[in-house]
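In what follows, a structure is listed as structure tokens, so that the remarks can point back to it.
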Amino acid sequence: MKKQTIYPLIKSGLFLAALFFLNSCNTQEELSPEEARAIAKEAYTYANPLVDHYRGLYNYFIDKNSPDYKGPWNKVINLARVYTPEDRTIQTPNSDTPYSFAALDLRSEPMVLTLPEIEEGRYFSVQLIDMYTHNFAFIGTRTTGNGGGNFLIAGPGWDGETPDGVKN
Numbered sequence: 003m004k005k006q007t008i009y010p011l012i013k014s015g016l017f018l019a020a021l022f023f024l025n026s027c028n029t030q031e032e033l034s035p036e037e038a039r040a041i042a043k044e045a046y047t048y049a050n051p052l053v054d055h056y057r058g059l060y061n062y063f064i065d066k067n068s069p070d071y072k073g074p075w076n077k078v079i080n081l082a083r084v085y086t087p088e089d090r091t092i093q094t095p096n097s098d099t100p101y102s103f104a105a106l107d108l109r110s111e112p113m114v115l116t117l118p119e120i121e122e123g124r125y126f127s128v129q130l131i132d133m134y135t136h137n138f139a140f141i142g143t144r145t146t147g148n149g150g151g152n153f154l155i156a157g158p159g160w161d162g163e164t165p166d167g168v169k170n
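Sequence positions in the sequence shown follow the numbering used here and run 3 to 170.
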């Protein structure tokens, strides 16, 4: 499939997920409208976080022509402003906090995130999110302290040695 055709499919991905799910059901039996509606609702509930997260990733890190483009994969991008109601690509928990982003491609190898020491009395948090928008870990004041360091971020299938001087 050509790169240009993927995004329109993702935009309608919730419909496609439901359609795929319905097509994968046993076609020997006919579904009632209520059964089809229930299956479509389950497919929507399952696919919505994935599709919406990909939409945000596409706008931030893939589509260089998007007004919301932030930068390339595997690079920390810092925003020198706070979000406003005009920023609608992703949902933000607050509008008085500057954000930094990094979309990490962990398919082939893990990444090491190096954080500086943060002075005592200051709060910081690095939220690690999977494609289903689950928070799978946090680095920061409440979890690792303000001492800084090198942190290994690996995909779920990675099975390797953690290098010396790196926390995981």
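For glycine and all other residues, C-beta sits at the position ideal for the given N, C-alpha and C. In this text the structure is predicted, and so the values were computed from the model without any measurement.
_Which residue marks the beginning of the beta strand (DSSP E) containing Gly151, and which one marks its end?_
Note, Gly151: beta strand (DSSP E), 151-155.
Taking the alpha-carbon positions, what's the Ile79 to Gly73 distance? In a straight line, the C-alpha of Ile79 is about 7 Å away from that of Gly73.
On the DSSP letters alone, give me the boundaries of the alpha helix (DSSP H) that Asn67 sits inside. In the DSSP assignment, Asn67 falls outside any alpha helix (DSSP H), carrying neither H nor E.
Extent of the continuous alpha helix (DSSP H) to which Asn50 belongs: Counting along the chain, the unbroken alpha helix (DSSP H) around Asn50 starts and ends at 35-59.
Beta-bridge partners of Ile79, as assigned by DSSP = Beta-bridge pairing links Ile79 to Phe103.
Q.
If distances are taken between C-alpha atoms only, which option among Arg109, Ile92, Leu117 comes closest to Val53?
A. Checked all of Arg109, Ile92, Leu117; the closest Cα to Val53 is Ile92.
Buried or exposed (CB count within 10 angstroms, at least 16 for buried), Ala49: Looking at its Cβ environment, which holds 16 or more other Cβ atoms inside 10 Å, Ala49 is buried.
_Quick check on this structure: which residue in Thr145, Gln129, Arg144, Thr146 has the alpha carbon closest to the alpha carbon of Phe138?_
When each option's Cα is compared against that of Phe138, the closest is Gln129.
### Query
How long is the line joining the alpha carbons of Asp161 and Val84, rounded to whole angstroms?
Each residue's alpha carbon lies about 38 Å from the other.
Q.
By the three-class DSSP mapping on this structure, what secondary structure does Phe140 have?
A. Of the three classes helix, strand and coil, the one that applies to Phe140 here is strand, per DSSP.
Distance, Glu88 Cα to Met113 Cα:
The alpha-carbon separation between Met113 and Glu88 amounts to approximately 32 Å.
Three or more beta-carbon pairs under 8 Å between the region 149-163 and the region 99-113, yes or no?
Yes, they touch.
Quick check: what's the CA-CA separation for Gly123 versus Phe153? In a straight line, the C-alpha of Gly123 is about 22 Å away from that of Phe153.
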